[in-house]
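Engineer: Protein chains in written order, with my numbering: chain A, 5 to 82; chain B, 5 to 82; chain C, 13 to 362; chain D, 13 to 362; chain E, 364 to 618; chain F, 364 to 618; chain G, 40 to 222; chain H, 40 to 222.
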Amino acid sequence: MPKGLVIVDKERCKGCGLCIEACPFGVLDFSSEYNASGYRVVHMAHPEKCTGCAVCANVCPDVALEIYREESSVRGAA
Amino acid sequence: MPKGLVIVDKERCKGCGLCIEACPFGVLDFSSEYNASGYRVVHMAHPEKCTGCAVCANVCPDVALEIYREESSVRGAA
Amino acid sequence: MSRVLMRGNEAIAEAAIRSGLKCYFCYPITPQGEMVEYMARELPKRGGVFLQAESEVAAINMVYGAAAAGVRTMTSSSSPGISLKQEGISYIAMARLPCVIVNMMRGGPGLGNIAPAQGDYFQATKGGGHGDYRLIVLAPSTVPEAAELVRLAFDLSDKYRVPAMLLADGMIGQMMEPVELPEPVDPDRIPPRPWAVTGARGRPKNVVSSFDLEPEGLREMNLVLQETYREIERNEVRWEEVETGDAELLLVAYGTVGRIAKTVVRLAREEGLPVGLFRPITLWPFPYEPLRMLAEKVGTVLTVELSAGQMWEDVRLAVEGRAETPFYGELGGVVPSPKRILEEVRKYVG
Amino acid sequence: MSRVLMRGNEAIAEAAIRSGLKCYFCYPITPQGEMVEYMARELPKRGGVFLQAESEVAAINMVYGAAAAGVRTMTSSSSPGISLKQEGISYIAMARLPCVIVNMMRGGPGLGNIAPAQGDYFQATKGGGHGDYRLIVLAPSTVPEAAELVRLAFDLSDKYRVPAMLLADGMIGQMMEPVELPEPVDPDRIPPRPWAVTGARGRPKNVVSSFDLEPEGLREMNLVLQETYREIERNEVRWEEVETGDAELLLVAYGTVGRIAKTVVRLAREEGLPVGLFRPITLWPFPYEPLRMLAEKVGTVLTVELSAGQMWEDVRLAVEGRAETPFYGELGGVVPSPKRILEEVRKYVG
Amino acid sequence: MSVEVAVPKGYTRVFSKPRALSDAGFTYCPGCHHGIITRLVAEAIDELGILERTVGIAPVGCAVFLDRFFNCDFVQAAHGRACAVATGIKRARPDLVVFTYQGDGDLAAIGTAETVHAANRGENITVIFVNNGIYGMTGGEMAPTTLPGQRTTTTPAGREPRLHGYPLKISEMLAQLDGPAYITRQAVFDHPHIVKAKRAILKAFRNQLDGKGFSLVEILSTCPTNWRMSPAEAGRWVAEEVTEVFPLGDLKDVG
Amino acid sequence: MSVEVAVPKGYTRVFSKPRALSDAGFTYCPGCHHGIITRLVAEAIDELGILERTVGIAPVGCAVFLDRFFNCDFVQAAHGRACAVATGIKRARPDLVVFTYQGDGDLAAIGTAETVHAANRGENITVIFVNNGIYGMTGGEMAPTTLPGQRTTTTPAGREPRLHGYPLKISEMLAQLDGPAYITRQAVFDHPHIVKAKRAILKAFRNQLDGKGFSLVEILSTCPTNWRMSPAEAGRWVAEEVTEVFPLGDLKDVG
Amino acid sequence: MEKGIVFAGFGGQGILLAGKVLARAGMNRGLEVTWLPSYGPEMRGGTANCTVVIADFPIGSPVVDCPDALVAMNAPSLDKFEERVAEGGIIVANSSLVKRPVKRGDVRAIPIPANDIAAELGNPRVINMVALGALVRALGVVSLEEIQRAMEEELHGKGRDKLIELNREALRRGFSEAEKYLS
Amino acid sequence: MEKGIVFAGFGGQGILLAGKVLARAGMNRGLEVTWLPSYGPEMRGGTANCTVVIADFPIGSPVVDCPDALVAMNAPSLDKFEERVAEGGIIVANSSLVKRPVKRGDVRAIPIPANDIAAELGNPRVINMVALGALVRALGVVSLEEIQRAMEEELHGKGRDKLIELNREALRRGFSEAEKYLS
Ligand SMILES: Cc1ncc(C[n+]2csc(CCOP(=O)(O)OP(=O)(O)O)c2C)c(N)n1
Ligand SMILES: Cc1ncc(C[n+]2csc(CCOP(=O)(O)OP(=O)(O)O)c2C)c(N)n1
Ligand code: SF4
Ligand code: SF4
Ligand code: SF4
Ligand code: SF4
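#1: What are the partner residues of G341(D), as DSSP defines its beta bridges?
#2: Please check if any C-beta of chain E sits within less than 8 Å of the C-beta of G21(A).
#3: Please confirm whether any heavy atom of ligand 4 lies closer than 7 Å to the CB of P152(G).
#4: Buried or exposed: which applies to K138(G), given that a residue is buried once 16 or more other Cβ atoms fall within 10 Å of its Cβ?
#5: In angstroms with no decimal places, state the Cα-to-Cα distance between V404(F) and E121(G).
#6: Please confirm whether any heavy atom of ligand 1 lies closer than 7 Å to the CB of Y498(E).
#7: State the start and end residues of the unbroken beta strand (DSSP E) segment that holds Y374(F).
#8: Using only the heavy atoms of ligand 4, determine whether one of them is closer than 7 Å to the beta carbon of V551(F).
#9: Determine the direct distance from the alpha carbon of V83(D) to that of P292(C), and round the result to whole angstroms.
#10: Taking only heavy atoms of ligand 1 into account, decide whether any of them is closer than 7 Å to the Cβ of V63(B).
#11: Using the rule of at least 16 other Cβ atoms within 10 Å of the residue's Cβ for burial, across every protein chain shown, is Y133(C) buried or exposed?
#12: Taking DSSP as the reference, what is the three-state secondary structure of D386(E)?
#13: Of the choices M40(H), V169(H), G48(H), whose alpha-carbon is the least far from that of P115(H)?
#14: Spatial neighbours of L75(H) within its chain, please: CB distance less than 7 Å, with the 5 preceding and 5 following residues excluded, ordered by chain position.
#15: What does a CB cutoff of less than 7 Å around S169(D) pick up in its chain, not counting 5 residues either side in sequence?
#16: Any idea if D107(H) is buried or exposed, counting beta-carbon neighbours within 10 angstroms, 16 or more meaning buried?
#17: Only counting the same chain, and skipping five residues up and downstream in sequence, which positions put a Cβ closer than 7 Å to that of R531(F)?
#18: Output the boundary residues of the alpha helix (DSSP H) element that contains R352(C).
#19: If you scan the stretch 119-180 of chain G from start to end, which runs of the beta strand (DSSP E) of 3 or more residues do you find wholly inside it?
#20: Contact criterion: CB-CB distance below 8 Å. Does C111(D) meet it with respect to chain F?
#21: Would you mind giving the Cβ-Cβ distance between S102(D) and G120(C), rounded to the nearest angstrom? I have them listed as a contact below 8 Å.
#22: Along chain F, in chain order, which residues have C-beta atoms closer than 7 Å to that of A569(E)?
#23: Checking contacts by CB at 8 Å: is T275(C) closer than that to chain G?
#24: Using the beta-carbon count (16 or more within 10 Å), is R242(C) buried or exposed?
#25: According to DSSP, is L230(D) helix, strand or coil?
#26: Within 10 angstroms of its Cβ, does R246(C) collect 16 or more other Cβ (buried), or is it exposed?
#27: Where do the ends of the alpha helix (DSSP H) carrying S169(D) lie?
#28: Could you name the residues that DSSP lists as bridge partners for Q539(E)?
#29: Ignoring anything shorter than 3 residues or poking outside the stretch 393-428 of chain F, list the beta strand (DSSP E) runs there in chain order.
Written out as structure tokens, the structure reads:
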């Protein structure tokens, strides 16, 4: 169970790639999917590396990402 | 023959009194004359004291004063 | 109520305060300075906001903000200042915000001078700003009437959510006359503003806007406006008639000229000339119908204005060829005497 | 000359440069952005000044300055931006400075949208600013005509010392058509400007002003303006007629609607409907007389506009009851198709 | 319309769309920093719990659709007049929290007077100033803040300061005035700067709640579309070039 | 109409009305410093010998009649727009010497944007800024530069900065910009200050002749009428009170 | 009945106030009144004048071509308005400053040495009330008591209460001075 | 003769340029033409379309209710405009992206795998010319040579000269691809 989880709102994502570049662990990449507006959306290419740090979500200009953290690690951080 | 001479353009003078206050030698004062606009104009109350320094003219907001200086003193100053 | 002697500018200010004015924004300009001064002195004492803005543009946009926030609000200026407000007025009209704008007209165009004039009629009634909008335009001819129409301006503006303009001239602003001031309005009688931005607590958010990128959407917004205008045209036309019953020549004049024309009617009647007066009080909606009906009966409709003939167009639109429609106008701040107008009248009757 | 395919906005810019434009001042706004861009690219190369101002207010006052200094100058904008220029335009009119103002109208009022509309007719023709002034208002219906009328605007403006406005809409600005561009003007043919402020060397000082505190003085200035306007009304009325000879229904439309109406006339004639078109090219001076004469002969004069009925008032002033004067308008940026207008036509003929 | 996602078992949500934002997708171009800034404002409103007494002012510019994105009351202002509109609202109802959100054309060109005078009056409002050095919405014309040499549609050969003016340092100007409580310049080109910018926005709102007066947060932003750069390139350009001319940091803070 | 006075025998004229001024009497109130400033500008024009290529811009305000006073070409500008009008003239004809003469309402309230942006563009013009802390011509309303506590018709209980704004330091603001060559604040309440102010005005014109760009001379002035003071009292008030808030001296000088 | 009165003089001579007091007295009597100041340049100083109309029916024009009465507080004012006074009208001239006699033969000329009388009363600022008193006597539309009460109302509560007695006296002196020319 | 053609697709698919080239070809032939881009939001991105009208008499409306031809470069464009195409009209659909067939039975449907052809040609940006070539073939108003020349004129001197050969080829490929459906 990876520490973090990124859920992509595919209809909000515009495929700008900023999250891919920002992720310190190389978790994200473009998927092969296009959304209704014609944008190529991102997905977790390497889910296992995700720490749930939310850096990707913080740089996403379209509020397309939700971040979840494994509960024990959240408590650990508190 | 006094060193300086102040000629008042009576129709320009508005009787504000700034020149009277500014003159370092107390040369000027209000005359008893009113001009066409109803202003009480200034005159040389003590012409003998005038050095032609032109301070009065310089502070006059209505460009009502012309200043003349005795020729020898102008040369002297040059 | 007792009569008090007041300047037009002050009477308008006092009447506005008594009409529940909460926020007044202005930029100084002659000949409406006394209104600004009165507001500065009185409004804060009586629970209102007085703010001298950095410009007329800022002032009208402050009015836009205060109106959006749901209070009775007003600005005043004179011709050049009113020109600067045109974009803001167009926004207010489309956003359907009630407010009152006072224009104490002066001599124009350009810097012109500060004498009384009526050259802003077109601007006020046809829309000096862009797009299809209208202001409710009220034209007082005396100081007491100015005070009365201020109240009406606030009420109509609230009722229809259409900005109202009091269109007067420097003479009405500067002169003193005895006035009966309106009673202070009961705050509960001011219509509620459920559309105002007051914080989205316990209701969906409110948005005040004049924007719709889709032609169909903007069309709908315009249709609502136009429907409102038709309703106002049906309900709110106001005018005064003096000795129109048997008149063969009908003077049409508003504001300062309207009152001078009353003297003209008196002088004319003293000479036995069958002259009457039609004085529009609402310049928009213009009283086309009543004037059209009168025009059927008279031979001549003589329009007199302090302009090159602006209301004259509306007069001709009303008359539509049913009578002769000569015009007499003065320009640049010149105000004709009753005798001068009478001379003009004599060209057509008697 | 060969035809080039150009956008309206670009054709106007190029025609202006070829008309001797020296100084262009602007503030960006859609739908006239390509004009700004074209000027930025081309004008400096060709010896002119391009300056993006801080606002429309600044831009029109820069035009005032450059015009006072005696060069051909121009600004362009779209509806809200034109509203902001109203004070400046009123000053320019009274100071008698020639210049050209382009309004690519968009949907209003307020922020509205960027689709084609004609809601600024009143503002342009009756004076959105304060005081009794007029602009020469030219309304192109195609891109080539836009280029042609730019030249005319500069020439008339110089001739009468009255500011000229090119009143078009977003569609004309955005669309491409083949254009024959006017030849570059011979600089010597541009009228001299002895009144310009160029330094008082060897002549008395020149003063450019719209100010006279004395009503009598300001009255004189206004009378000169009015006389000039009468002269323009006599000399410069322009319009186009299509199939009016035997028409029983006359369409009146200008600009974009004017060109669409040509198709309507063709379609109507194909159906055997006796429909003609009257297309005003000068909106001020409005072609009252020619329209009045046509109105005598037809039963119905149907005005079609992208507005709630603004030119319609001028049509009714011209017709004065001689014919029925129905109206059909679209709002908010909606542009009716020829078929839609034809439906409207069928209500009255055939 | 986005759908509420069920929280996966064993996980806690640590980041999601702020409550102050509606479900409407942003109309900004892909990768435009406007979106980040808009979200930071929404987060600040959430954190301060003021959604139900906040009124936002949408400008004319790429943020013109702001009223769709937020769940609070909104007023759309004429180009450049947001500070005057905010003044009208705040003076009418001082209990409301009023903020404007304006581009550089809006705030620093046509709106110069309104901005300067609202600041000088110390109006108790919060101003979010998005400086992307260009007119985004109208298609890429020069803004007052365009850098020297920068190509735009109205400076096709690059901005030449002696002809087109210098990059306008409006925040530096405003900091000279007695009225403002807080003037700061931030950026959002990477995570640490976003965190800082967020703090500045929070402070600007808190100042209003505390009655401290005019607070303005300038945020260096991008316009990948009109800069003709990829979003990533645009971010780097801010970090490397724009901050040289517009250095980050507080310009005034009365504390 | 003043008559040419014959020089008395044995005397030389050392001071008289500058050639740049016409014979028309000033329309300013008695004792108003506007008159001194107007004359200093005329003297500068004389000394530089530029009368025949100078164009002045008259504002709306007590100086609206300026075109009558001067012998050079003149343009009367809309309220606040003098710097825009000057820009139009100077760009059209760079060979002309162009100056504006503006009050504080004109330059620092309604004209804020035009002033700031002309300065920021470094327009090669000369701006004479007469700061008398009040709207003179319209009868004494608050100006942006009115002092705290000062009574005006629109601040009957005295200016309260938190309500009406602080005295606006527009020269300090402009000095922050890269565009201007020279920004200075002077006064004319006594002979030595008049001499200094004259030097500043000369420099501001010389800068234009040298192509150095935007130069602005702010001059603290009086409005005895609306301040309800005698001219002498008004002068002392400038010396003692106004200079406290608006200190004299150069704010920017690129040399 | 409709009477138009022009008050004219230099700024500072209290012209506007004199007109206002007359208008108020008319209003108190239940008459219609208008008061209109003259438009000068936007700045202060120079000449000032105002027009008062009193009538027993609604007043049309507050501007008067041919006033029924003129109060000329200085020479330029007399020069400017003398010709326009209606036949049989009244001219009150401040003879302290207006050195020439009234030229018109078809009006009632009432020279009043207002400055001298005011000086006698110990306050040069009441010249306006002296002249107003004389006008009121000649005009006959309001009584001395009425004008005095109107003056009181006008000054009351504006920090000028202590001047009321003086102004009452000034009105009275002007009023009785005018007697000389009207008997 | 009057033909109205709508080009529709995503921003970036070269829709506006394709329309311009067609308009230019018409003009070169001495015909009347208009080209009108669609108004979208003021910002970039999203969908784009333009309308070209070609006629042998002056063109009234540059807006076309029922186009004679539609070039649909993606699925949403086909969805949006299909119904409006005139009876007997033409629909060129980019079958690389539009996966569904044209529904209308009363029009000539011409599916062209523009993306695939462009990929073959080695530059995905020429999809617009592939589609335009097909349209030109179906429309029959201008020839292949004419449209190629118009394209050259359009690209010439705008730093895109080196793309001309490629675009010629793209037009030709589209043109001959359309043959299949028209024989
Ligand atoms: C009075 C007026 N002038 C011009 C415009 C056109 N306009 C729309 S947005 C805009 C500027 C956008 O630039 P900016 O404020 O920097 O915001 P951005 O779009 O870059 O976020 C302009 C000039 C308008 N709508 N109204
Ligand atoms: C658009 C516009 N607004 C307002 C006015 C009225 N107005 C005339 S002068 C003036 C201000 C004068 O103050 P200032 O600029 O400080 O100059 P001063 O008279 O004190 O020399 C104003 C507001 C005007 N003429 N035009
Ligand atoms: S940053 Fe946001 S919009 Fe951009 S690619 Fe990532 S999820 Fe999509
Ligand atoms: S300073 Fe000038 S105006 Fe004033 S009193 Fe002296 S001479 Fe007269
Ligand atoms: S145009 Fe520029 S500023 Fe506007 S949304 Fe697109 S990228 Fe952002
Ligand atoms: S009003 Fe004031 S500023 Fe104007 S001239 Fe008079 S004293 Fe000078």
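Think of the CB as a built atom: it goes at the ideal place given N, C-alpha and C, for glycine as much as any other residue. Bear in mind the structure is a predicted one, so any value in this text is a computation, not a measurement.
Structural biologist: According to the structure shown:
#1: Beta-bridge pairing links G341(D) to E317(D).
#2: Chain E, which has a Cβ nearer than 8 Å to the Cβ of G21(A), makes this yes.
#3: No; taking the cut-off as 7 Å, the Cβ of P152(G) has no heavy atom of ligand 4 nearer than that.
#4: Its Cβ having fewer than 16 others within 10 Å, K138(G) is exposed.
#5: C-alpha separation (whole angstroms): 43 Å.
#6: Answer for Y498(E): yes, Cβ within range of ligand 1.
#7: First-last of the beta strand (DSSP E) with Y374(F): 374-378.
#8: Not so, every heavy atom of ligand 4 lies at least 7 Å from the Cβ.
#9: P292(C) and V83(D): Cα-Cα distance of roughly 45 Å.
#10: No, since every heavy atom of ligand 1 falls outside the 7 Å radius drawn around the Cβ of V63(B).
#11: It is buried - the Cβ of Y133(C) has at least 16 other Cβ atoms within 10 Å.
#12: Judged by DSSP in its simplified three-state form, D386(E) adopts coil rather than helix or strand.
#13: Measuring from the Cα of P115(H), the nearest candidate turns out to be G48(H).
#14: Leaving aside the five residues that flank L75(H) on each side, the residues in its chain whose CB is nearer than 7 Å to its CB run, in chain order, C89, T90, P101, V102.
#15: Answer for S169(D): P110, C111, V112, I148, P175, A176, listed in chain order.
#16: Buried, by the Cβ-count rule.
#17: This sequence places Leu at residue 531(F); Arg is not what is there. Answer for L531(F): A471, P507, T508, listed in chain order.
#18: Here the alpha helix (DSSP H) through R352(C) covers 350-358.
#19: Qualifying beta strand (DSSP E) stretches, in chain order: 129-133, 147-151.
#20: No, its Cβ sits nowhere closer than 8 Å to a Cβ of chain F.
#21: Contact holds; Cβ gap of about 6 Å.
#22: The sequence as given places Arg at residue 569(E); Ala does not occur at that position. Taking a Cβ-Cβ threshold of 7 Å, none of the residues of chain F is close to R569(E); the smallest such distance is about 19 Å.
#23: Yes, because at least one Cβ of chain G sits closer than 8 Å to the Cβ of T275(C).
#24: Exposed, since its Cβ has fewer than 16 Cβ neighbours within 10 Å.
#25: Correct three-state label for L230(D): helix.
#26: Exposed: under 16 other Cβ atoms inside 10 Å.
#27: Boundaries of the alpha helix (DSSP H) around S169(D): 155-172.
#28: According to DSSP, which records beta bridges pairwise, Q539(E) is partnered with nothing at all.
#29: Secondary structure within the stretch 393-428 of chain F: the beta strand (DSSP E) runs of 3 or more consecutive residues, fully enclosed, are 417-421 (chain order).
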